[in-house]
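K.L.:
One structure follows; several queries about it will come next.
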Amino acid sequence: MIKVDSHPADILAALKKRGMSMSAVSRAAGLASSTLANTLIRPWPKGEWLIANALSVHPSEIWPSRYVNTVHSRTPRKPLPIAVEDNDKHIEK
Numbered sequence: 004m005i006k007v008d009s010h011p012a013d014i015l016a017a018l019k020k021r022g023m024s025m026s027a028v029s030r031a032a033g034l035a036s037s038t039l040a041n042t043l044i045r046p047w048p049k050g051e052w053l054i055a056n057a058l059s060v061h062p063s064e065i066w067p068s069r070y071v072n073t074v075h076s077r078t079p080r081k082p083l084p085i086a087v088e089d090n091d092k093h094i095e096k
């Protein structure tokens, strides 16, 4: 079963249940009070760890889609279509 990321409101509620706020966690880390809120809408490993530590969980429990899933392997990007001859021009012999 594929886990989905926690809803931002659920994360905020979990912090509130522990007597914390996103602003307080952000300020405690030496950040501006609104900086940590960016983690709710885009990946930011430092922010994910700060929030996860405040909730005593691993960030992958809150945002599973942001962490490597060993069950579903990732496929690498296709190589850029650069001709081999073009590369030879840049290699000194």
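Our numbering applies: residue 4 is where the sequence shown begins, and numbers increase by one. Glycine included, each C-beta is placed from N, C-alpha and C at the ideal position.
Alpha carbons only, please: which of Tyr70, Leu53, Ser9 and Leu18 is nearest the one belonging to Ala32?
P.N.:
It is Leu53.
K.L.:
With Pro48 and Asp8 assumed to form a contact (beta carbons below 8 Å), what rounded beta-carbon distance in angstroms separates them?
P.N.:
Incorrect: roughly 15 Å between the Cβ atoms, too far for contact.
K.L.:
Please report the straight-line C-alpha distance between Lys20 and Ile14, rounded to a whole angstrom.
P.N.:
Whole-angstrom Cα-Cα distance: 10 Å.
K.L.:
Just to confirm the assignment, what range does the alpha helix (DSSP H) spanning Leu53 have?
P.N.:
That run of the alpha helix (DSSP H) goes Pro48 to Leu58.
K.L.:
Helix, strand or coil: how does DSSP classify Arg45 here?
P.N.:
Coil.
K.L.:
Apply the 10 Å Cβ neighbour rule to Ser29 and answer buried if 16 or more other Cβ atoms are within range, or exposed otherwise.
P.N.:
It is buried - the Cβ of Ser29 has at least 16 other Cβ atoms within 10 Å.
K.L.:
Are any of the Cβ atoms in chain C nearer than 9 Å to that of Asp13?
P.N.:
Chain labels in this structure do not include chain C; a single protein chain is all it has.
K.L.:
Note down, in chain order, each residue of its chain lying with its Cβ closer than 7 Å to the Cβ of Ala40, except the 5 sequence neighbours on either side.
P.N.:
The answer, listed in chain order, is Met25.
K.L.:
Does the beta-carbon of Gly50 have 16 or more other beta-carbons within 10 angstroms, so that it is buried, or is it exposed?
P.N.:
The residue is buried, with at least 16 neighbouring Cβ atoms inside 10 Å.
K.L.:
Counting C-beta neighbours from all protein chains within 10 Å, is the total for Ile65 16 or more, i.e. buried, or is it exposed?
P.N.:
Ile65 is buried by the Cβ-count criterion.
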